[in-house]
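> In my numbering, the protein residues as written are 763 to 905.
Every residue, glycine too, gets a C-beta built ideally from N, C-alpha and C.
(1) For residue 877, does the count of other Cβ atoms within 10 angstroms reach 16, so buried, or fall short, so exposed?
(2) Can you list, in chain order, the residues of its chain with a C-beta nearer than 6 angstroms to that of residue 776? Leave out the 5 residues immediately preceding and following it.
(3) I'd like the list of long-range same chain contacts for residue 830, defined as Cβ closer than 6 angstroms, with 5 residues on each side in sequence excluded.
(4) Evaluate contact between the region 836-847 and the region 861-878, counting only Cβ atoms and requiring at least three cross-stretch pairs below 8 angstroms.
(5) Determine the extent of the beta strand (DSSP E) in which residue 873 is found, giving its start and end residues.
(6) Does the separation of the CB atoms of residue 844 and residue 865 fall below 9 angstroms?
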């Protein structure tokens, strides 16, 4: 018993170290924090796929359309580009789209459990004010 007491006294436990030799976190210096280099209001974070384009495949629900988006992606094994299709539920507030229409999907806040996109009409080339080649007058014949 005396040898146990003498061995405990020989350890001389101090308040700054534990029995395994480590120091408590309160006595360690705080890590250096790097200053925030990003300014508020600067360039926002990049979000992938904010807008997509697809074809309406179902328009039976009220204010909702199912849109099938087709994209090309490499096959995991064969690396050939294959068509991948995915259906999204989109909000159509005026019930203006019918089956077969091409629409643009824009990301928005969640409208319901499955709807996070708003369906918008796709701008055609004529809507942009650019005349198509077939609508331009033919050039005058050479004289």
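In short, the structure shows the following:
(1) By one-based count along the chain shown, residue 877 stands at place 115. Residue 877 comes out buried.
(2) Taking the first residue of the chain shown as position 1, residue 776 is located at position 14. Because residue 776 sits at a pLDDT of 49, beneath the cut-off of 50, its placement in the model cannot be relied upon, and the point is left open.
(3) Within the chain shown, the letter at position 68 stands for residue 830. The beta carbon of residue 830 lies closer than 6 angstroms to those of 816, 817, 819, 847, 849 in the same chain, with the five residues before and after it left out.
(4) The region 836-847, when compared against the region 861-878, does not touch it at the 8 angstroms Cβ threshold.
(5) Numbered from its first residue, the chain shown carries residue 873 at position 111. Residue 873 -> no beta strand (DSSP E), and no H or E assigned at all.
(6) Position 82 of the chain shown, counted from the start, is the residue given in the question as residue 844. Position 103 of the chain shown, counted from the start, is the residue given in the question as residue 865. Result no, Cβ atoms of residue 844 and residue 865 do not sit closer than 9 angstroms.
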